[in-house]
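Reviewing the structure listed below.
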Amino acid sequence: MSVAIIAGTAIYDIPGKALRKERIETPYGSAFIYRVAGEDLIFLARHGIKHDTPPHKVNYRANIKALEMIGVKRVLATNAVGSINTEIPPLGLALLTDFLDFTSNRKSTFFDGGDSGVKHVDMSITYCPTLNQQLLALAPSFDIDLRPETVYVCTNGPRLESPAEIRMYAQLGGDVVGMTGIPEATLARELGLCYAAVVFSVNWAAGIEETIRFVADSDSFDKIRADILALFIETLKTTSDEDCCGW
Ligand code: HPA
Numbered sequence: 002m003s004v005a006i007i008a009g010t011a012i013y014d015i016p017g018k019a020l021r022k023e024r025i026e027t028p029y030g031s032a033f034i035y036r037v038a039g040e041d042l043i044f045l046a047r048h049g050i051k052h053d054t055p056p057h058k059v060n061y062r063a064n065i066k067a068l069e070m071i072g073v074k075r076v077l078a079t080n081a082v083g084s085i086n087t088e089i090p091p092l093g094l095a096l097l098t099d100f101l102d103f104t105s106n107r108k109s110t111f112f113d114g115g116d117s118g119v120k121h122v123d124m125s126i127t128y129c130p131t132l133n134q135q136l137l138a139l140a141p142s143f144d145i146d147l148r149p150e151t152v153y154v155c156t157n158g159p160r161l162e163s164p165a166e167i168r169m170y171a172q173l174g175g176d177v178v179g180m181t182g183i184p185e186a187t188l189a190r191e192l193g194l195c196y197a198a199v200v201f202s203v204n205w206a207a208g209i210e211e212t213i214r215f216v217a218d219s220d221s222f223d224k225i226r227a228d229i230l231a232l233f234i235e236t237l238k239t240t241s242d243e244d245c246c247g248w
């Protein structure tokens with residue numbers, strides 16, 4: 002059984018590991034995954050390793066279906082976000098426990114009627130509690146201050162939000178905002194994969210400062226990338242398919 006890491010902005014490989022690209026054909030189109038040499042680990046760069054696919058054009062269904070088809074059961078994902086909640090400053094890391102979906106026109110289900118059937122999958126718990134518990138338990142050993150219980154707002158992009166939109170998301174309980182977390186997480190849930198996500202903030206969301214300023218410090222990104230990948234690899238090593246949430 003394989004495990005997978007899905008990465009987005011700022012993380013395009015696993016330093017120190019040799020990756021072999023593979024194209025997987027799914028009923029929803031092609032997905033490109035990378036097998037980590039000598040390990041039962043898959044790496045998937047959702048924007049592509051050259052970051053040439055924008056959030057609204059990522060083929061989320063092909064990516065998640067491809068992982069399922071090759072036997073992946075546990076997935077750890079990371080996304081860059083803007084901070085709405087002042088408890089998560091830029092460069093802060095947070096663990097997702099719930100989401101608000103403001104995307105539109107994305108192919109967001111495997112249960113589209115016809116041959117694929119009609120099914121209403123419960124999203125009461127979308128992010129795997131077993132993976133979340135282990136990520137939180139291991140974070141201090143990597144000196145990572147991981148904020149627990151974080152609500153992710155997914156916008157369609159590629160434009161950024163207006164200050165009024167961010168005020169609305171804040172009132173609705175959103176802590177961070179990004180463009181790629183949904184439908185990736187919900188599709189994983191539809192297929193019964195154990196999926197968890199750690200996000201890292203790269204800016205204050207619109208309206209918190211006069212204009213949006215992205216963190217541009219490459220040393221900080223190098224540290225975040227190393228921290229997240231180390232935490233993910235250890236979490237995947239110290240959990241098992243059998244002991245996971247079991248959906
Ligand atoms: N909004 C939406 N997506 C983002 C942001 C943001 O401010 N920062 C990083 N991804």
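Residue numbers (our numbering): 2 to 248.
C-beta atoms are modelled at their ideal positions from N, C-alpha and C, and glycine is treated no differently.
Assuming residue i is part of the alpha helix (DSSP H), what are its boundary residues?
i, result
"asparagine 133", "130 to 139"
"leucine 232", "219 to 238"
"asparagine 60", "Counting along the chain, asparagine 60 falls outside any alpha helix (DSSP H), and DSSP gives it neither H nor E."
"glutamate 88", "That residue, glutamate 88, is in no alpha helix (DSSP H); it is neither H nor E in DSSP."
The beta strand (DSSP E) that contains residue i, what's its start and end?
i, result
"alanine 8", "3 to 8"
"proline 149", "147 to 156"
"tyrosine 35", "30 to 37"
"serine 84", "73 to 84"
"leucine 20", "20 to 27"
Measuring CA to CA, which of the options is closest to residue i?
i, options, result
"isoleucine 6", "Glu23, Arg36, Thr239, Glu243", "Arg36"
"arginine 107", "Ala11, Ile229, Met180, Asp228", "Met180"
"arginine 62", "Met70, Leu188, Thr87, Gly247", "Leu188"
"serine 219", "Glu88, Val178, Leu92", "Leu92"
"lysine 18", "Thr127, Thr239, Ile43", "Ile43"
"isoleucine 71", "Pro56, Ser109, Thr27", "Thr27"
"isoleucine 157", "Ala32, Leu139, Val82", "Here the sequence assigns asparagine to residue 157, which means isoleucine is not the residue at that position. Nearest option by C-alpha distance: Val82."
"tryptophan 248", "Leu173, Pro130, Ile65, Ala32", "Pro130"
"alanine 231", "Arg24, Lys66, Leu77", "Leu77"
"tyrosine 128", "Thr239, Cys155, Phe100, Ile167", "Phe100"
"isoleucine 126", "Phe233, Thr151, Arg21, Ser142", "Thr151"
"cysteine 155", "Val177, Leu68, Gln134", "Val177"
"lysine 51", "Asp14, Ala32, Thr110, Ile25", "Asp14"
"glutamate 162", "Asn64, Gly208, Pro55, Pro56", "Gly208"
"alanine 32", "Asp41, Glu40, His48", "His48"
Would you kindly work out how many angstroms separate the C-alpha atoms of residue i and residue j, rounded to a whole number?
i, j, result
"isoleucine 213", "valine 203", "10 Å"
"threonine 79", "glycine 115", "33 Å"
"glutamate 210", "threonine 87", "12 Å"
"alanine 227", "leucine 132", "19 Å"
"isoleucine 229", "methionine 169", "30 Å"
"valine 73", "aspartate 242", "9 Å"
"isoleucine 145", "tyrosine 196", "20 Å"
"cysteine 245", "leucine 45", "21 Å"
"lysine 120", "glycine 175", "27 Å"
"phenylalanine 112", "lysine 58", "20 Å"
"isoleucine 183", "alanine 171", "18 Å"
"lysine 66", "leucine 192", "8 Å"
"glutamate 235", "valine 4", "12 Å"
"methionine 124", "alanine 217", "35 Å"
"leucine 94", "proline 164", "23 Å"
Kindly indicate which three-state DSSP category residue i falls into: helix, strand or coil?
i, result
"serine 163", "coil"
"glycine 174", "coil"
"aspartate 41", "coil"
"aspartate 99", "strand"
"asparagine 106", "coil"
"phenylalanine 143", "helix"
"glutamate 210", "strand"
"serine 202", "strand"
"glycine 17", "coil"
"alanine 46", "strand"
"alanine 11", "coil"
"glycine 115", "helix"
### Task
Starting from the N-terminal end, write out each residue whose C-beta falls within a distance shorter than 6 Å of any non-hydrogen atom of the ligand HPA.
Listed by chain position, these are Ala81, Val82, Gly83, Thr156, Leu161, Glu162, Val178, Gly179, Met180, Val203, Asn204, Ala206.
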